[in-house]
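Quick note on the numbering used here: the sequence shown kicks off at 1071 and runs consecutively. C-beta: ideal position from N, C-alpha, C; glycine also. Report on one structure; see the data block that follows.
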Amino acid sequence: MSVQSEGAPAHRPTFAALSARDKLAKSAPFLLLPVLALVGLALIGTWPTWLTLTVSGLAMGMMIFVMASGLTLVFGLMDVINFGHGAFISVGAFVGISVLAGLGDWTGAASLALNIGAVLAAVIAAMAVTGALGWGFERVLVRPVYGAHLRQILVTVGGLIVIEQMIHVVWGPDEIFLTRPEMLKGVTLFAGAAIETYRLLAVVVGLVLFVAMRLVLRRTKIGLIVRAGVQNGEMVEALGYRLRLVFVGTFVAGSALAGLGGVMWGLYQEVITAGMGEEMMILVFVVVIIGGLGSVEGAFIGALLVGLLQNYVAFLAPKLALVSNIGLMTAILMWRPEGMLPVVRAK
1071 MSVQSEGAPA HRPTFAALSA RDKLAKSAPF LLLPVLALVG LALIGTWPTW
1121 LTLTVSGLAM GMMIFVMASG LTLVFGLMDV INFGHGAFIS VGAFVGISVL
1171 AGLGDWTGAA SLALNIGAVL AAVIAAMAVT GALGWGFERV LVRPVYGAHL
1221 RQILVTVGGL IVIEQMIHVV WGPDEIFLTR PEMLKGVTLF AGAAIETYRL
1271 LAVVVGLVLF VAMRLVLRRT KIGLIVRAGV QNGEMVEALG YRLRLVFVGT
1321 FVAGSALAGL GGVMWGLYQE VITAGMGEEM MILVFVVVII GGLGSVEGAF
1371 IGALLVGLLQ NYVAFLAPKL ALVSNIGLMT AILMWRPEGM LPVVRAK
């Protein structure tokens, strides 16, 4: 004989299924990439040209994602508008290229393993230096202005200018031209299209980073704390977690990723300057805003949209290339004012 406790529901709870319209609205951001690619193919007309431009756009987007991925968490979790992020990109590029210059035997060898080893050493050095720089930047400049956006902008822009001048002191004021490692030069022929080898590497690195960040954020305890902190920091602190340490760790990780992005972008452009990070901040902020605050997935989709659109427009209408991304941001914010996949509401 079974006894049902008083107050227990007499029926199982049911959940209303999403309508087809709601499902389409939810998946719409993920459909933008294939739609843009198909529109590009229709307008460009020739398969080899479209494929070359698409891979180039994906590579560019992946590198922008690397630079933006750390900032989107810093912006979303810490509510910090950090224009100093651009300085970490520049410092990472200069440190990485300095390491590559010291490994000339590796970069000049006709060995893919040695070439990748040299790039890996440059990336590790750049991330270590920019991560340490980010720790000091947060401690000295950012910590006193938490919650004050206007002062954050002024202080971090000031920090950006100071670090750029320090780059001039250490590496000189002139731009530095460089060459890629031997096996990362040239092109790979595929389906009638000529695709630069380095751009294929950039696509792979971006995908690996995206998958790694998703795994960390969704499958680990620290990822759970970060995601919970983005949505409700006060509750996380009430549960006994030291969210301040999470803040600092997130800032350091974001700075290190900026350094990684700086190395990749320097090798992509084959020239580095002290102001390269400042120039990239426009695209980085566009990606963070259209992706949605705190959203790694949104930043990923946004970066690929920016990369593809800029390459397609530069080919079809070069004079419009400079404003294409601002137009993209305007269109997406008119459609979704908080970005495509926001994790936290704009503050």
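* Give me whichever residues DSSP pairs with VAL1257 in a beta bridge. => Here VAL1257 is bridged, per DSSP, to GLU1266.
* Give me the Cα-Cα distance between VAL1316 and VAL1257, rounded to the nearest whole angstrom. => 43 Å
* For ILE1342, which three-state DSSP category applies? -> strand
* Closest by C-alpha distance to PHE1370, when choosing among MET1148, GLY1140 and LEU1111 -> GLY1140
* **Residue from ASP1244, LEU1203, ILE1246 and ALA1384 whose Cα sits closest to the Cα of LEU1230** => LEU1203
* To do: Decide if the segment 1212-1230 is in contact with the segment 1289-1305; the criterion is three or more beta carbon pairs, one per stretch, under 8 Å apart.
  => no
* Option nearest ARG1209 by Cα separation, candidates LEU1220, THR1226, HIS1219 and GLU1367 -> THR1226
* Tell me, which residues are paired with PHE1247 by DSSP? -> VAL1341
* Asked: Using the beta-carbon count (16 or more within 10 Å), is GLU1348 buried or exposed?
  -> With a threshold of 16 other beta carbon atoms within 10 Å, GLU1348 meets it and is buried.
* To do: Examine the Cβ distances between the segment 1117-1124 and the segment 1246-1266 and report whether three or more of them are shorter than 8 Å.
  => Verdict: yes, contact present.
* The alpha helix (DSSP H) with TYR1216 in it runs from where to where? -> Careful: TYR1216 lies outside any alpha helix (DSSP H) and carries neither H nor E.
* Sorted by chain position, which residues of the same chain lie with C-beta nearer than 7 Å to ALA1157's C-beta, five sequence neighbours on each side aside? -> GLY1229, LEU1230, ILE1233, GLU1234 and GLY1347
* Do ASN1187 and GLY1377 have their CB atoms nearer than 8 Å? -> Rather than Asn, the amino acid found at residue 1187 in this sequence is Gly. Going by C-beta atoms, GLY1187 is not nearer than 8 Å to GLY1377.
* Count the other CB atoms within 10 Å of the CB of SER1097; is the residue buried (16 or more) or exposed (fewer)? -> exposed
* Report the three-state DSSP secondary structure of ILE1307 (helix, strand or coil). => Residue 1307 is actually Glu in this sequence, not Ile. If DSSP states are grouped into helix, strand and coil, GLU1307 belongs with the helices.
* Leaving aside the five residues before and after ARG1289 along the sequence, list all residues of the same chain whose C-beta is less than 6 Å from its C-beta, in chain order. => none
* To do: Return the CA-CA distance between TRP1117 and TRP1241, expressed in angstroms with no decimal places.
  => One C-alpha to the other measures close to 43 Å.
* To do: Within its chain, find whatever has a CB closer than 8 Å to the CB of LEU1411; leave out the 5 residues flanking it on each side and keep chain order.
  => PRO1099, GLY1361, GLY1362, SER1365, GLU1367, GLY1368 and ILE1371
* Asked: For THR1343, which residues from the same chain have a beta carbon less than 7 Å from its beta carbon, with the 5 sequence-adjacent residues on both sides left out?
  -> GLU1245
* Along the chain, where does the alpha helix (DSSP H) that runs through ILE1159 open and close? -> 1155-1172
* What are the boundary residues of the alpha helix (DSSP H) that includes ALA1196? -> Note, ALA1196: alpha helix (DSSP H), 1182-1207.
* To do: Output the distance between the C-alpha atoms of HIS1489 and GLU1304, rounded to the nearest integer angstrom.
  => Look at the range of the chain in this structure, 1071 to 1417, and you will see that residue 1489 is not part of it.
* Residue span of the alpha helix (DSSP H) that contains THR1400, given as start and end -> 1391-1405
* To do: Provide the residue span of the alpha helix (DSSP H) that contains GLY1242, from first to last.
  => Looking at the DSSP string, GLY1242 is not in any alpha helix (DSSP H), and its letter there is neither H nor E.
* Specify, as a first and last residue, the run of the alpha helix (DSSP H) that VAL1376 falls within. => 1366-1386
* Distance between beta carbons of ALA1328 and ILE1159, contact taken as under 8 Å -> Rounded to whole angstroms, the Cβ separation of ILE1159 and ALA1328 is 5 Å, and the two are in contact under 8 Å.
* In whole angstroms, what is the alpha-carbon distance linking ILE1396 and MET1133? -> 19 Å
* Out of TYR1382, LEU1173, ALA1401 and ARG1284, which has the shortest C-alpha to C-alpha gap to VAL1125? -> The residue with the shortest Cα to Cα distance from VAL1125 is TYR1382.
* Asked: With THR1320 and MET1137 assumed to form a contact (beta carbons below 8 Å), what rounded beta-carbon distance in angstroms separates them?
  -> 15 Å between Cβ atoms; not a contact.
* Asked: Leaving out five residues before and five after PHE1164 in sequence, what residues of the same chain have Cβ atoms less than 7 Å from its Cβ?
  -> ILE1237, TRP1241 and ILE1342
* C-alpha gap between MET1404 and ALA1391, whole angstroms -> 21 Å
* **GLY1114, DSSP secondary structure in three states** => The identity of residue 1114 in the sequence shown is Ile, whereas the question assumes Gly. Three-state DSSP puts ILE1114 in a helix.
* Check SER1072 in the structure and name its three-state DSSP category. => Residue placement at SER1072 is flagged as unreliable, the pLDDT there being 47, under the threshold of 50; a coordinate-derived value is accordingly withheld.
* Can you check whether the CB of LEU1313 is closer than 8 Å to the CB of VAL1306? -> yes
* **When ILE1352, SER1181 and ASN1185 are compared against GLY1172, the one with the closest alpha-carbon** => Ranking ILE1352, SER1181 and ASN1185 by Cα distance to GLY1172 puts ASN1185 first.
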